[in-house]
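Participant: Residue numbers for the sequence shown follow my numbering, so the first one is 39 and each next one is one higher. Idealized CB from N, CA, C, for every residue including glycine.
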Amino acid sequence: MKRNRNKSTGLQAVMRREFERIRTRKTLWMLIIVMPALIFGVIAYIYSAGVVKNLPVAVYDQDNSALSRLIVRSLAANRSFEIVCYAQNIEQIKRDFKRGKIQAAIYIPQGTERKIKKGQSAHVVFYKNSSNIIIGNIAFKAAMTTLRTISAGVELRKLQAMGNMPQQALSKILPIEVHTQALYNPAYNYENYLVSGLLPILYQMIVMISAVLVISAEIKERTIQEAFRIANENIFTLALGKALPHLSLHFAGIMLLVGIVFPLFGIPVHGPTIGLIAYLLYFVLVAFALGMFLSCLFTDMMLATEAAIFLSTPAFIFTGYTFPLEAMPRIHYWYAQLLPSTHFMSGFIKIYQMGTPVQFILPELGSLTVFLVLSLSGLFGLMFWRKRKWCGTQISTQEA
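Next up, the structure:
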């Protein structure tokens with residue numbers, strides 16, 4: 039009974055001491071409190087437009103016919119484009135691309151309408167800046183949608199003029215009608231896609247860096263012996279007492295992300311919100327445990343911080359969020375499996391984007407649990423092994 043009371047008293051004392059350390063150390067409260075709010079707000083605001091619009095486009099209309107003017111008006115009506123100049127030749131288009139004045143251009147050769155009236159095929163040239171894949175793909179998709187619609191309209195009028203009924207003419211133009219259903223993000227909204235995936239990974243970096251300071255900062259400041267004394271020389275009391283204040287503040291960070299940032303910027307959560315919060319908290323717990331393990335593994339604070347940055351910085355690349363893991367070289371694919379963020383992201387997409395029930399993320403939860411168990415086992419093993427060196431005392435029987 040007395041031993042349990044001592045453990046409880048020691049845990050509370052360690053927690054009070056850790057809260058005080060966070061309050062009085064600018065680096066910690068800036069990292070844990072200010073930095074997440076700043077990152078969440080800035081990145082969400084950057085992508086708040088959601089959809090790329092008004093790409094600057096040049097027009098070189100050599101035909102100057104009713105059809106060419108229809109093409110130009112249709113492109114101007116597309117929200118993806120904004121016509122900024124009318125070129126006089128191809129060389130001007132090339133110069134404007136190199137100057138960054140335009141991102142796309144359309145060239146309508148002379149005689150385009152005349153060829154179509156004669157029943158001949160005509161060619162319209164569309165230029166796009168593919169040095170930026172996003173801009174190139176958006177410009178191509180918008181242009182092809184517009185030009186195919188016009189082409190279908192021209193063919194429809196031609197068939198009707200030959201005596202075909204509208205429905206007959208339409209069936210000849212489109213013998214196979216395809217209905218495309220874009221699931222989970224039908225508007226191709228970049229804020230819903232990129233921000234929601236990027237912010238948790240950036241938050242993981244903050245969590246891990248703050249976690250590596252938990253033990254290594256005590257060693258650097260030569261206060262680790264005092265921390266053990268307050269914890270009654272119990273490694274579990276010390277680890278839990280130092281972790282709980284940080285985890286409570288990280289819980290507030292998760293609530294800020296899901297409860298304020300997502301609704302404020304109109305980022306929808308398609309799955310159960312409580313399930314998403316719980317999943318994010320579990321990921322934070324895994325990241326924090328890994329950070330504390332690194333803090334004990336590399337007792338030098340700078341080295342431990344560098345190790346955390348080394349693991350967390352490329353994490354977003356290896357989640358498969360921006361480039362499929364299956365398309366990566368096998369060595370990178372297997373390296374990605376060694377990062378908790380890879381498994382987290384798979385489950386996160388299922389809950390956030392696809393709205394799947396929690397039971398469908400059991401494989402990802404299992405993988406995260408493996409990381410948690412290994413991190414905690416390594417943490418307590420290293421604390422037990424290094425305790426005598428840190429404190430210069432005999433191993434307490436309270437740890438048995």
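(1) So, Y226 versus G309, is the Cβ gap smaller than 8 Å?
(2) For the alpha helix (DSSP H) that contains A353, what are its first and last residues?
(3) Please work out which residues of its chain come closer than 7 Å, Cβ to Cβ, to F57, disregarding the five sequence neighbours upstream and downstream, and give them in chain order.
(4) Let's test the definition: count the other Cβ atoms within 10 Å of the Cβ of S168 and tell me whether it reaches 16, buried, or not, exposed.
(5) On the criterion of 16 or more Cβ atoms from any shown chain inside 10 Å, does T187 qualify as buried, or is it exposed?
(6) Between A82 and the rest of its own chain, which residues show a CB-CB distance below 8 Å, the 5 nearest in sequence each way excluded?
(7) Would you mind stating whether S379 and A353 have Cβ atoms separated by less than 8 Å?
(8) By alpha-carbon positions, which one of Y359, I355, A269 and E364 ends up nearest to A51?
(9) Should G358 and M383 be called a contact, given that it needs their Cβ atoms to be closer than 8 Å?
(10) Taking only three categories from DSSP, how would you classify L221?
(11) Short of 7 Å in beta carbon distance, which residues of its chain neighbour L49, apart from the five on each side in sequence? Order them along the chain.
(12) Reducing DSSP to helix, strand and coil, say where Q432 ends up.
(13) Restricting to Cα atoms, I'd like to know which of P401, Y241, I131 and L221 is closest to V322.
(14) Taking a contact to mean a Cβ-Cβ separation below 8 Å, would you say Y373 touches F356 in this structure?
(15) State buried or exposed for I140, treating a residue as buried only when at least 16 other CB atoms are found within 10 Å of its CB.
(16) Determine the burial state of E271: buried for a count of at least 16 other Cβ atoms within 10 Å of its Cβ, exposed for fewer.
(17) Unbroken alpha helix (DSSP H) runs of length 4 or more, entirely within the segment 129 to 168: which are they?
(18) Can you tell me the Cβ-Cβ gap for K425 and I273, rounded? I've got them flagged as a contact below 8 Å.
(19) On the CB-based measure, 16 or more other CB atoms within 10 Å of its CB, does S254 come out buried or exposed?
(20) According to DSSP, simplified to helix, strand and coil, what is I121?
(21) Taking the runs of the alpha helix (DSSP H) that are 4 residues or longer, which of them lie wholly in the segment 80 to 118?
(22) Would you mind sorting K166 into buried or exposed? The rule is 16 or more other CB atoms within 10 Å of its CB.
Facilitator: Based on what the coordinates show:
(1) No; because the gap between Cβ atoms is not below 8 Å, this pair is not in contact.
(2) No alpha helix (DSSP H) holds A353; DSSP gives it neither H nor E.
(3) Taken in chain order, the residues that qualify are P283.
(4) If you draw a 10 Å sphere on the C-beta of S168, you find fewer than 16 other C-beta atoms in it, and that means exposed.
(5) The residue is exposed, with fewer than 16 neighbouring Cβ atoms inside 10 Å.
(6) Only residues of its own chain outside the window of five on either side were considered, and among them E229, V233, L237, V299, L302, F303 and I305 have a CB closer than 8 Å to the CB of A82, listed in chain order.
(7) Contact: yes.
(8) Of the candidates Y359, I355, A269 and E364, the one whose C-alpha sits nearest the C-alpha of A51 is A269.
(9) Yes, Cβ-Cβ distance for G358 and M383 is below 8 Å.
(10) L221 falls in the coil class under three-state DSSP.
(11) For L49, the CB contacts under 7 Å within the same chain, skipping 5 residues up- and downstream, are T275, L278 and G279 in chain order.
(12) Bear in mind that the predicted position of Q432 carries a pLDDT of just 40, short of 50, making it unreliable; the figure below should be weighed with that in mind. If DSSP states are grouped into helix, strand and coil, Q432 belongs with coil.
(13) When only C-alpha atoms are compared, the closest one is Y241.
(14) One thing to note: Y373 has its Cβ within 8 Å of the Cβ of F356.
(15) Buried is the call here.
(16) When all chains shown are included, E271 counts as buried.
(17) Entirely contained in the segment 129 to 168, the alpha helix (DSSP H) runs reaching 4 residues are, in chain order, 150 to 155.
(18) Contact holds; Cβ gap of about 6 Å.
(19) Note on S254: 16 or more other CB atoms within 10 angstroms of its CB, so buried under the neighbour-count rule.
(20) It is a strand residue.
(21) Listed in chain order, they are 104 to 115.
(22) Taking every protein chain shown into account, the CB of K166 has 16 or more other CB atoms within 10 angstroms, so this residue is buried.
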